[in-house]
Amino acid sequence: QVHLVESGGGLVQPGGSLRLSCATSGSIFSINVMGWYRQAPGKQRELVATITSGGSRNYGTSVKGRFTISRDNTRNTVSLQMNSLKPEDTAVYYCNAIALSEYYWGQGTQVTVSS
């Protein structure tokens, strides 16, 4: 089992920045890929960014160039730096981990971009 807890969400104005963090516990030795997904009201959950244990990154098209995912393997955390935020980035952001082909999810943290 892997447990994930997100932090760092909130309200920010368009053009602003936020940093999300995800702390892990449990069978963390088995984690390969970690990432962030988001779900806006009435929409499907979508990929934001993923990072492998080796540091390979993948980003959703809508966030490329604005968001940066990073991972600290010693602290078993994954972070998402979000810059140049837009109203359409408003969503619940979920931390994700893939361990031994099992998907694990955090509870989610709300990000609202509004003036």
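Under my numbering, the first residue of the sequence shown is numbered 661, with each subsequent residue one higher. Think of the CB as a built atom: it goes at the ideal place given N, C-alpha and C, for glycine as much as any other residue. Note that this is a predicted model, so its numbers are computed, not measured.
For S667 against S681, the beta-carbon gap comes to about 5 angstroms, under 8 angstroms, which counts as contact. With a cutoff of 8 angstroms on beta-carbon distance, M694 and N756 are scored as near each other. About 25 angstroms separates the CB atoms of F689 and V708; that is not less than 8 angstroms, and the two are not in contact. Apart from sequence neighbours up to five positions away, the residues of its chain that approach I758 with a beta-carbon distance below 6 angstroms are N692 and V693, ordered along the chain. Under the criterion of beta carbons closer than 8 angstroms, G720 and E706 qualify as touching, at roughly 6 angstroms.
Between the beta-carbon of T750 and that of V773 there is about 5 angstroms, and that keeps the pair under the 8 angstroms contact cut. Between I729 and W765, the CB-CB gap reaches or exceeds 8 angstroms. Counting along the chain, the unbroken beta strand (DSSP E) around V771 starts and ends at T769 to V773.
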